[in-house]
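For reference, the structure discussed in these notes is given below.
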């Protein structure tokens, strides 16, 4: 088994390995009882799932557990994304459960999503009886084979005696090193058979030895490059968040004085309001962040993987920069960009050691001079700030809606976004000051992520406000989980940014396909439905009627299409905490996400707005 990771782990209750002064007690139980006892012992307190034939034996003893809460979802995809949202919001391992065949295959998308974003997840599936495996039995699917490329590891359990060890190992693998999803597939007869339960089990993970402590020589070399560089950038990825290294990151940033850019998966790991933060990089990143990477002479890359959405055309990315690349997953280092100083290790330990090494350089009289660099950075920041124009027709601006949600939300609010334009606007126009307040599907870009992920986050952090920022297209994929929220006292708040279209795809059709809007319009148009408000055609999807649909699912629902009512509607939503709340915001359909680097082009070709190419003046290349 190989280690795969780009970050590290939050502390997670998990199995002790064998040994200890006392002999563990032996209990005679069924395999199903052993499974539930094992979940209790590893500290799992919430399971999202749906019962079915093969997993049914496990649901009976779950009724007797006072430690494991089961949340009955409406679709297995919702269970997987909820477990991911739970994990991202709490730092603990998320758990989902499904039956064999279609139940298990419905978990494939959230498992792939968790794999791309390095989220600790354990998916438990029932399987047909062991003697029927491979016979195309009713509701049989080779879920281990199907998920092999998208899990850190997976297990097929046919012996009930192996259940405690397997669960202990699954949670350990999911939470340590580079976090990720682990699948445990258990044959039905193993759940039904009699066995013995002892804890802690003896675990055996030969070859699984994540490297956490960085090499001291590489740390010293990285520190030397930092103080010698003229245009360094701290390029921070989601691994810093997963390592719990945000405090150390701030110390390192302030010690060096270098600018910090945080990727989509790292928002909140460094305060947006900090004067050294220059924004999010990437295809829709801030001009200053994109340009800082392009013009830099040193990238201090921490828990990031040089994703194509950040680099643009790879062979033209950061052409002047040497690269320090620190990652807990050795497979990421050099995968996309060669590293001058490769560092394998836990981001928290790497950054802590870098702080000591940089301080030693300072004590020896070696200190970087970045004054000219900051002069350039500040000029770009002042000239090309993030912004948007209000629609000429007086309709709601989607950016304004999202910005006001962020400004009016209570402190420590958690935001979960779907995928598309609203995701990028939520990244840009909400300020993220603390870690684990921004949840999204970064690597996989999974539409339908927001509502179930928000549900999982709220289940894990019941005292925090949780807003799902969703699009009308995304919302129609997983909105049934609002029923789950209503019935299980999980009062999330949902903002539907309703522009009547698959917005990001429509933007590409506007820019690259001569405005030929093939299959991106989600409504039949104002002419045919006769919806006219205040003398202008009312946009947005009206089939289904999201207000009626949400009310039918047990939610408080409102519609807002007048900017004058915006603050009052958001305030009303924030004041309701006993039920889920859904607001259908009817927004202008032509709003676009800027800045933008077109796919396949160089970051040098970043556009600040449509038709606006930044002029970087006399910046020192």
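Residue numbers (the working numbering): 170 to 790.
All C-beta atoms, glycine included, are put in the ideal place defined by N, C-alpha and C.
key: residue 747 versus 667, 782, 252 and 662, residue with shortest Cα-Cα distance   = In this structure, 662 is the residue among 667, 782, 252 and 662 with its C-alpha nearest to the C-alpha of residue 747.
inquiry  = Which same chain residues end up closer than 7 Å to residue 788 when comparing Cβ atoms and leaving out the 5 residues on each side of it in sequence?
reply    = Per-residue confidence for residue 788 stands at a pLDDT of 45, beneath the threshold of 50, marking its modelled position as unreliable; no derived number is given.
key: Residue burial classification, residue 404 (beta-carbon count within 10 angstroms, cutoff 16)   = Burial call: buried.
query = When DSSP labels each residue in this structure, what does residue 419 get in the three-state scheme?
reply = In the structure shown, residue 419 adopts helical secondary structure according to DSSP, grouped into three states.
key: Given residue 373 as reference, the closest of 295, 590, 387 and 334 once Cα atoms are compared   = Residue 373 has its Cα closest to that of 334, out of 295, 590, 387 and 334.
request  = Could you give the DSSP three-state label for residue 491: helix, strand or coil?
outcome  = Collapsing the DSSP output to three states places residue 491 in a strand.
task = Taking only beta-carbon positions, decide if residue 765 is within less than 9 Å of chain C.
result = You won't find chain C in this structure, because it holds only one protein chain.
task = Mark residue 483 as exposed unless 16 or more other C-beta atoms lie within 10 angstroms of its C-beta, in which case mark it buried.
result = Answer is exposed; the Cβ neighbour count stays below 16.
request  = Output the distance between the C-alpha atoms of residue 658 and residue 636, rounded to the nearest integer angstrom.
outcome  = Between residue 658 and residue 636, the C-alpha separation is close to 15 Å.
query = What's the call for residue 340, buried or exposed, on a 16-neighbour Cβ count within 10 Å?
reply = Residue 340 counts as buried, since at least 16 other C-beta atoms from the protein chains shown sit within 10 angstroms of its C-beta.
Contiguous alpha helix (DSSP H) assignments of at least 4 residues, all confined to the region 317-392 = Listed in chain order, the alpha helix (DSSP H) elements of length 4 or more contained wholly in the region 317-392 are 332-344 and 357-361.
query = Grouping DSSP H, G and I as helix and E and B as strand, with all else coil, what is residue 239?
reply = In the structure shown, residue 239 falls within a strand segment according to DSSP collapsed to helix, strand and coil.
task = Report yes or no: do three or more beta-carbon pairs, one from the region 364-383 and one from the region 440-450, lie closer than 8 Å?
result = In short, these stretches do not touch, since the Cβ pair count stays below three.
key: C-alpha distance - residue 772 paired with residue 295, whole-angstrom precision   = Our two residues, residue 772 and residue 295, have alpha carbons roughly 47 Å apart in a direct line.
key: Minimum C-alpha distance to residue 438 - residue among 607, 302 and 768   = For residue 438, the nearest C-alpha among the options comes from 607.
task = Tell me whether residue 680 sits in a helix, a strand or coil according to DSSP, three-state version.
result = Helix.
ask   = Who pairs with residue 511 in a beta bridge, going by DSSP?
value = The partner list for residue 511 (beta bridge, DSSP) reads 494.
task = Find out if the Cβ-Cβ distance for the pair residue 752, residue 664 is shorter than 9 Å.
result = For the pair residue 752 and residue 664, the CB atoms are nearer than the 9 Å cut-off.
Segment contact flag, the region 565-572 with the region 641-656, C-beta cutoff 8 Å, min 3 pairs = Flag = no, the region 565-572 and the region 641-656 do not touch.
request  = Return the chain-ordered list of same chain residues with a C-beta closer than 7 Å to the C-beta of residue 547, the five sequence neighbours on each side being excluded.
outcome  = Taken in chain order, the list of residues that qualify is empty.
task = Report the residue ranges of all beta strand (DSSP E) runs contained in full by the region 258-303; include only those spanning at least 3 residues, in chain order.
result = Taking only runs of at least 3 residues, the beta strand (DSSP E) segments lying wholly in the region 258-303 are 263-267 and 290-296.
query = Any idea if residue 698 is buried or exposed, counting beta-carbon neighbours within 10 angstroms, 16 or more meaning buried?
reply = Any reading at residue 698 must be qualified, since the residue scores a pLDDT of 40, below 50, and its modelled position is unreliable; no value is offered.
ask   = If you drop the 5 nearest sequence neighbours on each side, which residues of the same chain put their C-beta closer than 7 Å to that of residue 434?
value = Beyond the five residues adjoining it in sequence on each side, residue 434 comes within less than 7 Å, by CB distance, of 286, 406, 407 and 611 in the same chain, given in chain order.
message = How far does the alpha helix (DSSP H) with residue 643 in it extend, from its first residue to its last?
response = Residues 641-647.
task = Starting from residue 663, trace the beta strand (DSSP E) both ways and give me its first and last residue.
result = Counting along the chain, the beta strand (DSSP E) containing residue 663 begins and ends at 662-667.
request  = Return yes when the Cβ of residue 583 is within less than 9 Å of the Cβ of residue 638, no when it is not.
outcome  = Cβ atoms of residue 638 and residue 583: not closer than 9 Å.
message = Just list the residues that DSSP pairs residue 404 with in beta bridges.
response = By DSSP's assignment, residue 404 forms a beta bridge with 430 and 470.
task = Go ahead and pull the three-state DSSP assignment for residue 781.
result = The three-state reading of DSSP puts residue 781 in strand, counting E and B together.
query = Does the beta-carbon of residue 400 have 16 or more other beta-carbons within 10 angstroms, so that it is buried, or is it exposed?
reply = Counting every other CB atom within 10 Å of its CB across the protein chains shown gives residue 400 a total of 16 or more, marking it as buried.
Where residue 770 sits in the DSSP three-state scheme = Correct three-state label for residue 770: coil.
key: Backbone secondary structure at residue 729 - three-state DSSP   = If DSSP states are grouped into helix, strand and coil, residue 729 belongs with the strands.
query = Cα separation between residue 656 and residue 233?
reply = Taking the straight line joining both Cα atoms gives about 20 Å.
ask   = Does DSSP put residue 635 in a helix, in a strand, or in coil?
value = Here residue 635 sits in strand by DSSP.
ask   = What's the C-alpha gap between residue 279 and residue 537?
value = Near 44 Å, if we compare the C-alpha coordinates of residue 537 and residue 279.
ask   = Taking just the CA atoms, how far does residue 282 sit from residue 613?
value = Using only the alpha carbons, I get a separation of about 5 Å.
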